[in-house]
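K.L.:
Mind having a look at this structure? Questions to follow.
2 protein chains.
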Amino acid sequence: MARHARYDRKTALEKAVGLFWEKGYHGSSMKQIEQALDMRPGSIYATFGSKDGLFSEALAAYAEQGGRELAVHLQGFESIVEGLQDYLRGIACSCGDENAAPSRACMIVKTLLESSNTHPALADQANSILAAIEQSIAELLERAKVKGELVESVDSRRLAVLLQAQIMGLRSMGERNLDPQIMRDLGDDMAAILDGFRTRH
Amino acid sequence: MARHARYDRKTALEKAVGLFWEKGYHGSSMKQIEQALDMRPGSIYATFGSKDGLFSEALAAYAEQGGRELAVHLQGFESIVEGLQDYLRGIACSCGDENAAPSRACMIVKTLLESSNTHPALADQANSILAAIEQSIAELLERAKVKGELVESVDSRRLAVLLQAQIMGLRSMGERNLDPQIMRDLGDDMAAILDGFRTRH
DNA sequence: CTCCTTTTTGAACGATTGATCAATTACAAC
DNA sequence: GTTGTAATTGATCAATCGTTCAAAAAGGAG
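Which chain is which? The protein sequence lines are A and B, in order. First residue of the first sequence: -14, per our numbering; consecutive thereafter. First residue of the second sequence: -14, per our numbering; consecutive thereafter.
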């Protein structure tokens, strides 16, 4: 046997997520990456292959973590719909916090907009992730429908797209650094949109 | 007197908008800019000062054109609210067209997300433009309220933010290249949100 | 300790970045 | 045609880009 790696792959990836999420793909130079990961070029290339490879893995890690967070969040709610509504309000609130995260906007959307006409491989990856998220939301809504939380006429896929667009808009709006109260109101208003599809008791 | 400029400033700016809108700030190199504008570096720098200066002017031109398009669009409608609803549906439709525009997503939002943590000057400009658009929408909604199209309880500013977030989400979703019918449905659903604030006769 | 393997290092690579400027070209005035 | 002014050109700049690799360093096995 021989020397063991000084760097934990997972830890390094988390740091990469932080940098890429904050500055984007083109906005993060290898020099900044070396500093953020505290790794020298050779180690980075031996571990991740290329800047593209590192970014791709970072994006995947970001998406996975985001999915986990949503799942955990929903566990705290009896009602799926109320869980989703609170999720929207939570995003709106976190956009008020200063320095809570590297960026308020979603890294996946940032990647999609940055690379759609310059870096097809990254755009494809972002698109796949967004499609998967949409699918997850659609399944959640379908379950909510079966549970009787949503009216029978709801098209789960269609409502999922509407909901995903709300999240995109909300988090992009967060990048504007508006007054926290304005953001809270926006979160409430978006949550209220779902009320229009709920069953009343 | 002497030689007159071979290039029309306005025409050059339109071409710059096309390139920057498509590829973003970091994604557009001076070489590509030279090609797109059919101008050599010296002429570009003599006319616009720097890449930053050119981008800034291009972004302003984009915003102005967008504002004009909204105003023209609304002229075709008796009802302000119906005009806004049709505006949303129009965006959703144009996202279905292939190659209709350099990009489906909004150049202002692309700029905000790309530069918020890397290029403060550009981010500030994007933020100012978004604030101005929000203000315009708020004034439109206020007029609609006075006209009796919207219920008395509507907070124009707050609804303007919700509406702007819809546009952001809708156009970002457009970048996903979804089925045109899905996009049309999304446009309809977003337009329907406004119905909740309308007065019924 | 001596080997052997693996990881880390940091100098260096060619390519490309945004930007500059002296030389050239084109036009208007006289 | 000559002159004067302004615009255009394209080679060229230093800096930075992502990437490579030979050499050094760090452990486990014998």
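Glycine residues also receive a C-beta, built at the ideal position from the N, C-alpha and C atoms. None of the values given here were measured: they were computed from a predicted structure.
Could you run through the segment 77 to 110 of chain B and flag, in chain order, every residue whose CB is less than 7 angstroms away from some CB of chain A?
P.N.:
With the criterion set as a beta carbon lying under 7 angstroms from some beta carbon of chain A, the members of the segment 77 to 110 of chain B are 88, 90, 94, 95, 97, 98, 99, 101, 102 and 103, in sequence order.
K.L.:
Express the C-alpha separation of residue 88/B and residue 3/B in angstroms, rounding to a whole number.
P.N.:
Position 18 of the second sequence, counted from the first residue, corresponds to residue 3/B. Position 103 of the second sequence, counted from the first residue, corresponds to residue 88/B. So the alpha carbons of these two residues sit roughly 9 angstroms apart.
K.L.:
For residue 157/A and chain B, any beta-carbon pair shorter than 8 angstroms?
P.N.:
Locating residue 157/A in the first sequence gives position 172, where the first residue counts as 1. Yes, because at least one Cβ of chain B sits closer than 8 angstroms to the Cβ of residue 157/A.
K.L.:
What runs of the alpha helix (DSSP H), each 4 residues or longer, lie entirely inside the segment 23 to 102 of chain B?
P.N.:
26 to 33, 36 to 60, 65 to 79 and 92 to 100
K.L.:
Is it buried or exposed for residue 23/A, if we count other Cβ within 10 angstroms and need 16 for buried?
P.N.:
Residue numbering aside, residue 23/A sits at position 38 when the first sequence is read from its first letter. So residue 23/A ends up on the exposed side.
K.L.:
Have a look at residue 75/A and residue 111/B and give me their C-alpha separation to the nearest angstrom.
P.N.:
Sequence index remark: in the first sequence, residue 75/A carries index 90 (1-based). Sequence index remark: in the second sequence, residue 111/B carries index 126 (1-based). Taking the straight line joining both Cα atoms gives about 25 angstroms.
K.L.:
Let's test the definition: count the other Cβ atoms within 10 Å of the Cβ of residue 156/B and tell me whether it reaches 16, buried, or not, exposed.
P.N.:
Start at 1 with the first residue of the second sequence, and residue 156/B comes out as number 171. By the neighbour-count rule (16 or more Cβ atoms within 10 Å), residue 156/B is buried.
K.L.:
Note down, in chain order, each residue of its chain lying with its Cβ closer than 8 angstroms to the Cβ of residue 158/B, except the 5 sequence neighbours on either side.
P.N.:
By 1-based counting over the second sequence, the position of residue 158/B is 173. In its chain, beyond the 5 residues on either side, 80, 168 and 171 have a beta carbon closer than 8 angstroms to the beta carbon of residue 158/B.
K.L.:
For residue 135/B, list the residues DSSP reports as bridge partners.
P.N.:
The sequence position of residue 135/B within the second sequence is 150, counting from 1. In DSSP, residue 135/B forms a bridge with 183/B.
K.L.:
Measure from the C-beta of residue 146/A to each C-beta in chain B and report whether the shortest distance is under 8 angstroms.
P.N.:
Sequence index remark: in the first sequence, residue 146/A carries index 161 (1-based). Yes, because at least one Cβ of chain B sits closer than 8 angstroms to the Cβ of residue 146/A.
K.L.:
Got a sec? Which residues, its chain only, sit under 8 angstroms from residue 42/A by beta carbon, not counting five neighbours each side?
P.N.:
The count along the first sequence starts at 1 and reaches residue 42/A at position 57. Around residue 42/A: -2, 1 and 33.
K.L.:
Hey, could you find the ends of the alpha helix (DSSP H) residue 9/A is sitting in?
P.N.:
As a working mapping, residue 9/A is identified with position 24 in the first sequence. In the DSSP assignment, residue 9/A falls outside any alpha helix (DSSP H) and carries neither an H nor an E.
K.L.:
Return the chain-ordered list of same chain residues with a C-beta closer than 8 angstroms to the C-beta of residue 137/A, the five sequence neighbours on each side being excluded.
P.N.:
Translated into the one-based positions of the first sequence, residue 137/A becomes position 152. If we look at residue 137/A and ignore the five residues flanking it on each side, its Cβ neighbours are 130.
K.L.:
Any heavy atom of the ligand COA inside 7 angstroms of the beta-carbon of residue 26/A?
P.N.:
The model on display carries no ligand, and the ligand COA is accordingly not part of it.
K.L.:
Do residue 128/B and residue 65/B count as a contact pair if the criterion is CB distance below 8 angstroms?
P.N.:
Your numbering for residue 65/B matches position 80 in the second sequence. Your numbering for residue 128/B matches position 143 in the second sequence. Their beta carbons are under 8 angstroms apart, which means residue 65/B touches residue 128/B by this criterion.
K.L.:
Residues of chain B with CB under 9 angstroms from residue 18/A, in chain order?
P.N.:
Sequence index remark: in the first sequence, residue 18/A carries index 33 (1-based). Ordered by position in chain B, no residue passes the 9 angstroms Cβ test against residue 18/A, which lies about 14 angstroms from the chain.
K.L.:
Measure the Cβ-Cβ separation of residue 153/A and residue 94/A and say whether it is below 8 angstroms.
P.N.:
The count along the first sequence starts at 1 and reaches residue 153/A at position 168. The count along the first sequence starts at 1 and reaches residue 94/A at position 109. Their beta carbons are under 8 angstroms apart, which means residue 153/A touches residue 94/A by this criterion.
K.L.:
Using a beta-carbon distance below 8 angstroms, is residue 167/A in contact with chain B?
P.N.:
Reading the first sequence from its first residue, position 182 is the one you call residue 167/A. Interface residue, yes.
K.L.:
Keeping to the same chain, check which residues put their C-beta closer than 7 angstroms to that of residue 122/A; ignore five residues upstream and five downstream.
P.N.:
By one-based count along the first sequence, residue 122/A stands at place 137. The answer, listed in chain order, is 145, 148 and 149.
K.L.:
If I follow the unbroken alpha helix (DSSP H) through residue 150/B, where does it start and stop?
P.N.:
Within the second sequence, residue 150/B is the residue found at index 165, counting from 1. Start and end: 141 to 159.
K.L.:
Looking only at its chain, what residues have a beta carbon closer than 6 angstroms to the beta carbon of residue 13/A, apart from the 5 residues adjacent to it on each side?
P.N.:
Reading the first sequence from its first residue, position 28 is the one you call residue 13/A. Only 4 and 5 meet the Cβ criterion.
K.L.:
Do the segment 24 to 31 of chain A and the segment 101 to 120 of chain A make contact, defined as three or more Cβ pairs closer than 8 angstroms?
P.N.:
Three or more Cβ pairs closer than 8 angstroms define a contact, and the segment 24 to 31 of chain A falls short of that threshold against the segment 101 to 120 of chain A.
K.L.:
Strictly below 7 angstroms CB to CB, what residues from chain B border residue 8/A?
P.N.:
Here residue 8/A refers to the residue found at position 23 of the first sequence. Those within 7 angstroms of residue 8/A in chain B are 102 and 103.
K.L.:
Can the beta-carbon of residue 52/A be found closer than 8 angstroms to that of residue 59/A?
P.N.:
Taking the first sequence and counting its residues from 1, the one referred to as residue 52/A is at position 67. Taking the first sequence and counting its residues from 1, the one referred to as residue 59/A is at position 74. Cβ atoms of residue 52/A and residue 59/A: not closer than 8 angstroms.
K.L.:
Helix, strand or coil, according to DSSP, for residue -10/A in the structure here?
P.N.:
Counted from its first residue, the first sequence places residue -10/A at position 5. DSSP places residue -10/A in coil when its eight states are reduced to three.
K.L.:
For residue 124/A and residue 77/A, I'd like the C-alpha separation in whole angstroms.
P.N.:
Translated into positions along the first sequence, residue 124/A becomes position 139. Translated into positions along the first sequence, residue 77/A becomes position 92. The C-alpha of residue 77/A is placed about 24 angstroms away from the C-alpha of residue 124/A.
K.L.:
Give the DSSP-derived three-state secondary structure of residue 162/A in the structure shown.
P.N.:
Position 177 of the first sequence, counted from the first residue, corresponds to residue 162/A. Residue 162/A: coil per DSSP, three-state reduction.
K.L.:
Taking the beta carbon of residue 117/B as the centre, do at least 16 other beta carbons fall within 10 Å, making it buried, or is it exposed?
P.N.:
Position 132 of the second sequence, counted from the start, is the residue given in the question as residue 117/B. It counts as exposed.
K.L.:
Residue 11/B touches chain A at which residues, Cβ-Cβ below 9 angstroms?
P.N.:
Sequence index remark: in the second sequence, residue 11/B carries index 26 (1-based). Simply 9, 10, 11, 12, 99 and 103.
K.L.:
Please say whether residue 102/B and residue 36/A have beta carbons closer to each other than 8 angstroms?
P.N.:
Within the first sequence, residue 36/A is the residue found at index 51, counting from 1. Within the second sequence, residue 102/B is the residue found at index 117, counting from 1. No; because the gap between Cβ atoms is not below 8 angstroms, this pair is not in contact.
K.L.:
Closer than 9 angstroms by beta-carbon distance: list the chain B residues that pair up with residue 171/A, in chain order.
P.N.:
Working through the first sequence from its first residue, we reach residue 171/A at position 186. Going along chain B in sequence order, the residues near residue 171/A (Cβ under 9 angstroms) are 143, 146, 147 and 150.
K.L.:
Quick one: what's got a C-beta closer than 6 angstroms to residue 92/B's C-beta in the same chain, skipping five residues either side?
P.N.:
If you number the second sequence from 1, residue 92/B lands on position 107. If we look at residue 92/B and ignore the five residues flanking it on each side, its Cβ neighbours are 6 and 47.
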